[in-house]
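Chains as they are written, first to last, in my numbering: chain A, 1 to 819; chain B, 1 to 444.
Ideal Cβ positions, reconstructed from N, Cα and C, are used throughout, including at glycine.
Written below as structure tokens is the structure these notes are about.
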Amino acid sequence: MRARASRSQAVRCRSYVPLKTPVKSSTVRLSVGWAVPTTTGIAWWAQLILHLANSDNRTSDLFGSECQVKSAKCKLKSAPERGPSGTLHFSLLTLHFALLFSLFAIPSADIAAAEPSSAVTFESDIQPLLTRFGCNAGACHGKSRGQNGFALSLLGFDSDMDYAALVHEGRGRRVFSASPATSLLLRKATGQVPHGGGARFAPGTPHYELISAWLLSGAPRTPADAPKIVRVVVEPANRSLVPKESFALKAIAEYSNGARRDVTDSTAFQSNDRAVVAINGEGQVQAGSLPGETAIMARYMSHIAVCAITIPLPGAVPDAAYDALPRLNEIDALVWKKLKLMGMLPSPNTSDATFHRRSFLRVIGRLPTPDETRAFLADNRSDKRQLLVDQLLQRPEYADFWANKWADLLRPNPYRVGVKAVWNLDSWLRDAFRRNMPYDQFVRELVTAQGNTFREGATVLYRDRPTPVEIGSSVSQLFLGVRLECAKCHHHPFEVWSQDDFYGFASFFARVGHHGGISPPISGTEEIIYNLPAGLLNHGRTGLPVEPKTLTGQSLKIGPDDDPREVLAEWITSESNPFFAKVMANRVWSELMGQGLVDPVDDIRATNPASNEPLLDYLAADFRQHKYDIKHLIRRIMTSHVFGLSSNPSERNISDTKNFSRYYRQRLRAEVLLDSVNDVLGTEEDFAAMAPGSRASQLWTHRAASQFLDTFGRPDPNQDPPCERTSDVTTPQVLHLMNSPAFNKKLATDTAQPARLAASELPNDKLVEEVFLRIYCRPPTTAEMTKAAAILPAKESRRPNVEDLFWALMNTPEFYFVD
Amino acid sequence: MTTHRNCEGLQRRDCLKLGLGALLGGGFVDALRLRTNAEPKTARKTSCILVWLDGGPSHFETFDPKPDAPAEIRGEFSSIQTKIPGVNFSENMTKLAAISDKLTIIRSVRHDQNNHGAGNHYMTTGSPTRIPVSCGAFVSFHPSMGSVTSAERGAPAGLPPYFSLPDMTRSGGPNFLGARHAPFVVADDPNNAAFQVRDVTIPKDVADGRAMTRRELRNQMDGLLRFQDRSTGDPVLGVDENFHQAVSLMTSPAALAAFEIQRESPLVRDNYGRSAFGQRALLARRLVEAGVPFVTLNNGGWDHHSNIFPAFKKQGQELESVVATLIEDLDQRGLLETTLVIVMGEFGRTPTISTLPGSTTPGRDHWSNAISILVAGCGTPGGQVVGATDRNGYTAIEKIYAPENLVSSVYLKLGINPDKMLYNTVGRPTHLVSDSRPIAELMG
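Here it is as structure tokens:
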């Protein structure tokens, strides 16, 4: 509920939308809070928030429909008085209202508000409303060609354009100062004349009156020397709720002269996950019915603030339950801390066999052999899990597997850059991981690459992304986790990035020279990437040259003999860079745990907070302290207790999808699955342009023909940028494993494992054990052994049945998921 | 499929084969979804068959001949009268001229993307490429018409909603709509006696009974714990739906019947022509009949920089024979009222005939200032020509439309709002079509 008085001292109390929670008057206590009292040219207001405390001492905020305000009795006691510091003081008489069948009264209150500015002006009062009511949204007048001849800048990033559109264009009929009510602006917005966007607010509402007052005073702009907004904050900045609870979120703008103003009314709110918590235009937050967490974004002009919401599981967990959890390293402590906040408990430790299979798939992208599994299960050393991680990190397959992940991000389309260049970059990547190149050096070599695309693999990045705009977007997304792309054309709609930021960053690449390199198809020719002596990038909108500027707004010193990319690489990899280590820590976490702490992994921003910020901070700091050693980071994560949790949910974490209270299952990547099929069956793939016996993980291009890899979703090289991999399971994938002639042919090959095992001396039960170890990497349970052995006839005639057993197991998710 | 070499030197077939199976994608997932929200059966819904002429067919040699132009522009072919007074087609389009009362010919679509990659993208998605792309590019910045139709319409009876035969067009993918809206590609040749759709039937050397035994054994061995509480987001749960759907498609005679082109009478099959293209058109009709809302027939080899006249004679005649048969067959079955047929490529060709260096025979080069498009069915008025080019066919001069307008018309006919806002994977909003005004003359 909000009390509002205009200069005429009539007080209005506005209603929020209905809330369904029933309230028993006998169980509640009421208290009153006032938000920042705010004045504009025509009115003052202050949000009056009624806190309702129920029997278990949780408070929730009341909204208008639950209490009927006797607004007639809501009056100012006297005319506002001017205080010594230029503030206005108001005294309210008792406010009466009805809640259910009981009448309540709030005692009189004294409020102080800043003195109203003398006028209602465009930038400070009117333009925010265009965002608040969705007028300048991408779907309406904010889209690039406007809507029905009326175009505004997207979300109000261009005040000059918006003012001109409202006041000067449309033959001046949009605003009419002499008679505001007949202005098209108000007639359209209130639906008095047909409006595609419908009625956005009603005549007589505060917004209507504000616009009227602005028009009456001649539609002035805000003077250039008026106080500027420094930042916007939301109150509260975080809040823990119970399911179905609601509260009023306030948005406060802070100005350069120290003034604070309640801008809740003019702020656009958005919940990152509406199923967890919803928010309406008035700032009323409504929790959903299930525990969960999300963030709410508040946008006022170009400023953003975020409120973090958690809805813990109902019911209490004793502290002792958390104290008793193992803490193998700091990761565990930080995950448990978050779980405690959410009222969740982790799943139990997983079995040795599952841990063993999981570790192989996550570190080297292949299944363990039966012998490796037997040895690990028989090992009695208490630190065998840590030892396993160390061994795996030394395996040669590590380099191919991890280089592949980077190839997903960097591998160009050979039709665009040429075969030899693609192969060259691929070799560079594999070599970097083979040598365990420190990550800062890896990034520095890519960002500062110079030379011949046929010799220096890293230069191919510049052949693939030849313009400063393209390479600038790629570098910021890959290494800083900042998606600048939007800011190329307009202010980023949910971040702070402006076009100036975009062009300033891209300008670091304005001196990249290209020589030669006839365009492909097929191979193209070599291209030389070098540094030009001078050059700046022109701003996309103003056309003026832009000096290079980092994303933290620093103009780095670049001498005439300096390479701007060297200077940029220095900044990117410096310890003070807030993004650099975090992005990689998040990527590696995601690769090992099945999901990023920030998701999507390369979209790090205030409005997309990590599910566990302290954990991400810790991982980033640890990575930095260990000289950006990627293997160290992997080891750190895998030697936590959290990595070894079971994927089976417990009662207190079944709803968890982002706090790592259990291990998250994931389908094997296309290449890993194909290699696994061949390893299990003892068969080989025959790829074009590869040596015989090559594994899918060694492919240098996504264009090597493979129905299998295409079906299981390797990145689509036709897309630019290539599509991210999906780990979805699709019906064609299921059909392919069941029916594809290629798979069935391998299964029935005389030299493949089913035939060999069938012909071997192994008795049926040993054979079943071998099959389970090959496919599931664990021995069968007694029940499984009984069922499987039951279908196997005598040794001489068992080959078809053995093939059937392989087929059956390889068509279950236990084979094609990492568990 | 025969292989075709476009000017950039790529063998189209190779490129397509290489990149395409990823898109074998999953119409089935939609079918799953639809099965659960099956609507009561109402009037037949609309469908679209897009005959994509990859390479860019000449407008002079098809629907916009210039008999009065100088010989170096007119070319070798004469023109013939159609049923539309005063309208002539090129001499090879006799069968289409004979049914011109059922067709709308648009002569005035134009754009500014003069290479294959970009032109293809613009015409099949209604959106120009965001950055310039080169001739050889296979790019996707925006979902294709087929993928959008898949997402917006779905398909009944377990069939995928979007097919592409025999492969995906360059920009025919789903982009941010996700792999499940990629076309279901049927690569094999339906003119082949042993034709069947891949992986939907058990392999020949596995007997039915054995396949059943395997599935039973699989179900017995499938012991990985699942958690039915949806909020866990356990991806293994989806596998069960996929597996169930795969088996029900494999064992559903009705769904598989749509693939069984062998069920058509020899006469019908002969009418379509015993060629891969002809039989694909027939398969497209069967799919539409079964309720599939979007089928692309990707037909390559229209990049006639050289040898244009002999090549065109052969291809042009096959094309018009198949298209005329398709339209007549749809009409006779009462399907033309609800089926939109579009025949087009990425652009037209240069007016002046020239012989490229290194070539021995003349041809025409890329020309996006004038494009002729054939449209029929789904409420499109017959017997009309929309727009015109100048007297030498250089550029559209009357009723000039952009690819956006064409694509918007297709969406409107399919019951899809072209002004809809889509959100890409990072939540960035994008209009389905940036200019959502249709070509009024198509809308009847």
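Around the beta-carbon of P346/A, 16 or more other beta-carbon atoms lie within 10 Å, marking it buried. Here N405/B is not near A276/B, since their CB atoms are 8 angstroms or more apart. Annotation for F479/A: the continuous alpha helix (DSSP H) segment containing it runs P468 to L480.
In this structure, S640/A and I331/A form a Cβ contact; the two beta carbons are roughly 4 angstroms apart against a cut-off of 8 angstroms.
Rounded to whole angstroms, the gap between the alpha carbons of V200/B and L735/A is 6 angstroms. A straight line joining the alpha-carbon of P183/B with that of L184/A spans about 47 angstroms. In this structure, V323/B sits away from G273/B, with a CB-CB distance that is not shorter than 8 angstroms. Cβ-Cβ distances below 7 angstroms link E91/B to F77, S78, S79 and I80 in the same chain, with the five nearest sequence neighbours on each side left out; the list follows chain order. The beta carbon of T731/A sits closer than 8 angstroms to some beta carbon of chain B. Looking at A164/A, S797/A, P800/A and A510/A, the one whose alpha-carbon comes closest to that of P548/A is A510/A. Counting only the Cα atoms, E613/A lies some 12 angstroms from G596/A. Under the three-state reduction of DSSP output, W589/A falls in the helix class. With a threshold of 16 other beta carbon atoms within 10 Å, E61/B meets it and is buried. Beta-bridge partners of P348/A (DSSP): none assigned. The three-state reading of DSSP puts A510/A in coil, since its state is none of H, G, I, E or B. For D222/B, the closest of P813/A, F817/A and V230/A by C-alpha to C-alpha distance is P813/A. Proximity of chain B to F817/A at the Cβ level (cut-off 9 angstroms) is accounted for by L224, P235, V236 and V239, in chain order.
Nearest CB-CB separation between P57/B and chain A: not below the 8 angstroms threshold.
In this structure, the straight-line span from the alpha carbon of A333/A to that of L339/A is close to 10 angstroms. Per the Cβ contact rule, the region 622-631 of chain A is not in contact with the region 590-608 of chain A (fewer than 3 Cβ pairs under 8 angstroms).
Taking the Cα of G377/B as reference, the smallest distance to any Cα among A258/B, L414/B, T352/B and R349/B is reached at L414/B. Note on geometry: alpha-carbon atoms of R714/A and M690/A lie some 18 angstroms from one another.
Where R286/B is concerned, the enclosing alpha helix (DSSP H) starts and stops at A276 to E289.
DSSP places P370/A in the helix class (H, G or I) of the three-state scheme. At a cut-off of 8 angstroms, the C-beta of K787/A has a neighbouring C-beta in chain B. Ranking G134/A, E526/A and G682/A by CA distance to the CA of D464/A puts E526/A first. T294/A sits in a strand when the DSSP states are folded into three classes.
Listed along chain B are L224, D234, P235 and V236, each with a C-beta nearer than 9 angstroms to that of R665/A. Excluding five sequence positions before and after L341/A, the CB atoms of its chain that fall closer than 8 angstroms to its own CB belong to S240, T310 and P312, given in chain order. Taking each of K658/A, V546/A and V672/A in turn and checking the Cα distance to A534/A, the smallest one comes out for V546/A. Not a single CB atom of chain B sits nearer than 8 angstroms to the CB of H514/A. Among the residues facing chain A, M123/B is not included, as its CB has no counterpart in that chain under 8 angstroms away. The residues L130, G142, L152, S153, L154, L155, G156 and D162, in chain order, have a CB closer than 8 angstroms to that of N136/A in the same chain once the five nearest residues on each side in sequence are set aside. Relative to P206/A, the option among S217/A, I126/A, S159/A and S256/A whose CA is nearest is I126/A. Remark: C-beta atoms of I252/A and E495/A do not approach each other more closely than 8 angstroms. Taking 8 angstroms as the threshold, the shortest C-beta distance from I654/A to chain B falls below it.
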